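These notes are about the structure you will find just below.
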Amino acid sequence: MKFSKNFSLGIVLCASVFAGCQQQNNESQARKGESLVSDGGGNLENWPVLAPAFIRDEKLEARINEIMSRMSLEEKVGQLIQAEIRHVTPEDVKNYHLGSVLNGGGAFPNNDKFATPQDWLALSDAFFEASMDTSDGGVAIPLIWGSDAVHGHNNVIGATLFPHNIGLGAARDPDLIERIGRATAREVAVTGIDWTFAPTVAVVRDDRWGRTYESYSEDPVLVADYAKAMVNGLQGIKSSVGFLRGENLVATAKHFVGDGGTTRGIDRGDNAVPERELAEVHAAGYLTALPAGVQTVMASFNSWNGEKLHGHKYLLTDVLKGRLGFDGFVVGDWNGHSFVPGCTLESCAAAINAGLDMFMVPADWKALYKNTLTQAKSGEIQPERLEDAVRRILRVKLRAGLFERNMPLAGKGGILGNNEHRAIAREAVRKSLVLLKNNEQLLPLAANQNVLVVGDGADNLSKQSGGWTISWQGTGNTRADFPGATSIYEGIALAVKAAGGEAILSVDGSFGADTFANGKPPGVAIVVYGEDPYAEWHGDITNIEYQRGGKKDLALLKKLREQEVSIVSVFLSGRPLWVNKELNVSDAFVAAWLPGSEGAGVADVLFRGENGEVRYDFTGKLPFSWPVYINQAVLNPYQEHYEPLFSLGYGLTAREESLVSNELPEVSENFAGGVLEDAWLMVSRPRAPWVLNIVERDSKTVPVTGNYAASDDDENVVVTSIDMSSQEDARLIKWKGLRPGAVELSAEYMQNLNIYLEEKSALSLNIRVDREVKKPVFAGMTCGEGCIAKVPLHSALKTMPLKDWTRISVDLQCFANAGADFGKIFSVFRLESEGAMEIAVANVKLIPEAAKTATVQCKS
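Numbering of the sequence shown is given in the numbering used here, commencing with residue 727 and proceeding in unit increments.
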């Protein structure tokens, strides 16, 4: 189904995707006395009218009334609070009558990554029992526990990990999505958790967004189909006896609304589209999830035309709860209320008044509870709004049977990661693979040959699973964290061995005369490579070129090409990327997305059977358009100049001739609309090709790969991750002053940054001085052996107030004057101190045309 440039999709959805959607004209609304122009400045006519998902149940509402009549104001406010398990105890739940807890990414019972399903259940039972404890004379109201089970029960070791949403979008199979939802619900239910923050129904416009892989597609029709299917799978069919009972979960449609349409794809940024586009494109998934009976909706971090969604009364109340008929509750995102103007982490009456029903406030919940209670007593939070929020929360808890705690799967063995669920995940992997290139119909391969398996993604379950896998970012995991899973290499090895061939793993692509048992060279090399794991804004990028400035994988492909080995590229990524150079060197190219725990599904499609038959053909179709040029980060079918390399819906079968040549354009500059963009060096995390290192003279370089790193045994220089504006978006650097020491952002390969010098750029960063500067401090760049350009910073740092964040910038000409060769940069930012010092840094960038306003300026 196509949609036109005038965004008529909403009408199409109403007509053909679900029942109960009514387009009503101004006259009919006027007769009912409903104004189409809201106090919030929007126009409700842009939105369809949805019939409520459920006919009003008077017995249910009477029970809610009875419960609320016995609740104190303190108990009502408690229901509005959701705390994180690292910051709350069962005793807290009892004393504050909390409505909910959650486990954030990387949070486990007892802080134990290897907590068993029984450990999870024990904590769930403890929280439930505390919430039902009436020894203080309070009302027994069950807690609801939320978890980001976004591609399976991905927080628990041993669970089945399904492909991330982008891969599922390639499968084009709503029935499969519903089965994945059911399997996920069953695995989560084993651990005693009753609520998942899924599905994400974002419609992505700019592929630089770090959450692109959490979206099913850039096509709102596909998102709408999948939203309904996943809600049905997680919650059960709303008309069925088993709806929200026993083996099902409470689902969440997120993030309302427009999270996938922010300017430049910046996470938590501003979506500046007209309201009709917001309604017909970005809300497409809600127009099916709501009629399917989704019980919760998560408010989005983003703004719409400058107004934060957590405080947007028009969208949360007038549109979602009014026009779209939603009678469940709206939960906030991680401290999302704190970004509403006039609010803080600890106080935000404006969010509740706007239509938020439950705060997600992981750590600072006690202060927020206290202030919210004060605001409820004073009337700053409107009494009817508080009553409505509590009513909505109780309605969901009653519908879900939480009062009865009907959990037949809790603690049951043989469900988490079982063969049935892994078979569904393996099927999903097969269906998600998109064949982009297949010269001379190389694929599928004969399995009875010598197969060289190459690349750092080949035997890497962490890389093939991506973010939101055990930890928040999906990093720090090892093979031991994936019991029962199969890497892509392991799947290939099994398939080849069964046919009498031999598969050898060689990460760096090397092989010799004795590599294979038969003494022959490889018949084919399967090279598995792609993006390393990331989540949320840590995955935002400024351009879509793969491995810009450090083409390690391209060099690997070329090395194999020089040895005349046929090359099959299996590309792991959370979004389409500019890979023209890699495509040109590959004989076949497969977009494998982030397949999860069942890597054997890749081999199912790459290889023929033992008798040479095609076992499974390629059926995946692109859920996102694939770029031909590097400046096509925004590439959607409704654009006036839509010129992709591979269009939305493209995907070869093994029987089709490849349509792409070996001569794709390879020129790439970091320009968008003719303007040189900022170069992100370290924004939340170091950005490729740059890595953060601790460097000391005559000492081994220490890479900073996690949340903590230190030099040598005496820890002369220590680097830790801290929060500035969001989680882990800054680094605190401490020097003991035992000897001069530095931290630097360096690249493995020389980088040509002349264009940034020519464009009169500045090195810019946020900085916080936590300890008085007493000895010389330098910013520097390195450009090969003996080439270190230093610019003194101590004078500028001494003028800064202690423990306050300040923006500082240095004219790049200063480094050039000090001897930096910008055509040969190896370290783009070096911070060096000769004495004891504590400094925090964040948002390190090269910004074009910023030299004239730089804090530190130099004449050319």
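Cβ atoms here follow ideal geometry from the backbone N, Cα and C, with glycine treated the same way.
Please read these numbers as outputs of a predicted model, since none were measured by experiment.
In this structure, Gly-959 lies away from Glu-1006, with their beta-carbon atoms at least 7 Å apart. Within the segment 1492-1576, the runs of beta strand (DSSP E) that reach at least 3 residues and sit entirely inside it are, in chain order, 1503-1508, 1514-1518, 1531-1537, 1551-1559, 1563-1573. A straight line joining the alpha-carbon of Asn-1337 with that of Tyr-952 spans about 37 Å.
For Glu-1113, the enclosing alpha helix (DSSP H) starts and ends at 1109-1125. Gly-1227: not part of any beta strand (DSSP E); DSSP gives it neither H nor E. Per DSSP, reduced to three states, the secondary structure at Tyr-1040 is helical. Counting the other Cβ atoms within 10 Å of the Cβ of Gly-968 gives fewer than 16, which makes it exposed.
At the C-beta level, Pro-1518 and Phe-1541 stay beyond 7 Å of one another. Under DSSP, the beta-bridge partners assigned to Glu-1324 are Thr-1212.
In the three-state reduction of the DSSP assignment, Ser-826 falls in the strand class, which pools E and B. Within the segment 1219-1297, the complete beta strand (DSSP E) segments of 3 residues or longer fall at 1228-1231, 1250-1256, listed in chain order. Annotation: Arg-1533 to Val-1443 spans about 23 Å, alpha carbon to alpha carbon. Each residue's CA atom was taken as its position, placing Glu-1441 and Lys-1462 some 8 Å apart.
Cβ neighbours of Ser-1373 within its own chain (closer than 7 Å, five residues either side excluded): Ser-1351. Judged by beta-carbon spacing, Asp-1059 lies within the 7 Å limit of Phe-1027, meaning their Cβ atoms are closer than that value. In the structure shown, the three-state DSSP call for Met-794 is helix.
In this structure, Leu-1142 and Gly-972 do not form a Cβ contact; the two beta carbons are roughly 16 Å apart against a cut-off of 8 Å. Beta-bridge pairing by DSSP links Ser-943 to Val-929. Judged by DSSP secondary structure, Ile-892 falls outside any beta strand (DSSP E) and instead within the alpha helix (DSSP H) spanning 891-897.
Taken in chain order, the whole alpha helix (DSSP H) runs of length 4 or more contained in the segment 1133-1163 are 1145-1158.
The beta carbon of Ser-1437 sits closer than 6 Å to the beta carbons of Ile-1420, Glu-1422, Val-1428, Val-1443 from its chain, once the five residues preceding and following it are set aside; these are given in chain order.
Taking C-beta separations shorter than 6 Å and ignoring five residues to either side along the sequence, the partners of Ala-955 in its chain run Pro-900, Ile-903, Glu-904, following chain order.
Here Phe-982 is buried: its Cβ has 16 or more other Cβ atoms, across all protein chains shown, within 10 Å. Close CB contacts of Ser-1197 within its chain, under the 7 Å cut and outside five residues either way in sequence, are with Gly-831, Gly-832, Asn-1203 (chain order).
Sixteen is the threshold: since fewer than 16 other Cβ atoms of the shown chains lie within 10 Å of the Cβ of Glu-1484, the residue is exposed.
Secondary structure at Leu-1187: helix, using DSSP grouped into helix, strand and coil. Excluding sequence positions up to five before and after Gly-1327, its CB lies within less than 6 Å of the CB of Arg-1152, Val-1155, Arg-1156, all in the same chain and listed in chain order.
In this structure, Gly-987 is the residue among Pro-1415, Lys-1585, Arg-1494, Gly-987 with its C-alpha nearest to the C-alpha of Asn-1362.
The beta-carbon separation of Gly-1081 and Lys-1123, rounded to 19 Å, does not stay under the 8 Å limit for a contact.
Here Thr-922 is not near Pro-843, since their CB atoms are 7 Å or more apart. Counting other Cβ atoms within 10 Å of its Cβ, Thr-1525 stays below 16 and is therefore classed as exposed. In the structure shown, Phe-854 adopts helical secondary structure according to DSSP, grouped into three states. The three-state reading of DSSP puts Met-1450 in coil, since its state is none of H, G, I, E or B.
Leaving aside the five residues that flank Val-1066 on each side, the residues in its chain whose CB is nearer than 7 Å to its CB run, in chain order, Lys-1034, His-1036, Gly-1037, Cys-1074, Ala-1076, Ala-1077. In the displayed model, Tyr-1368 falls within coil according to three-state DSSP, outside both helix and strand. Three or more beta-carbon pairs separated by less than 8 Å link the segment 1202-1221 to the segment 1173-1191, which places the two stretches in contact.
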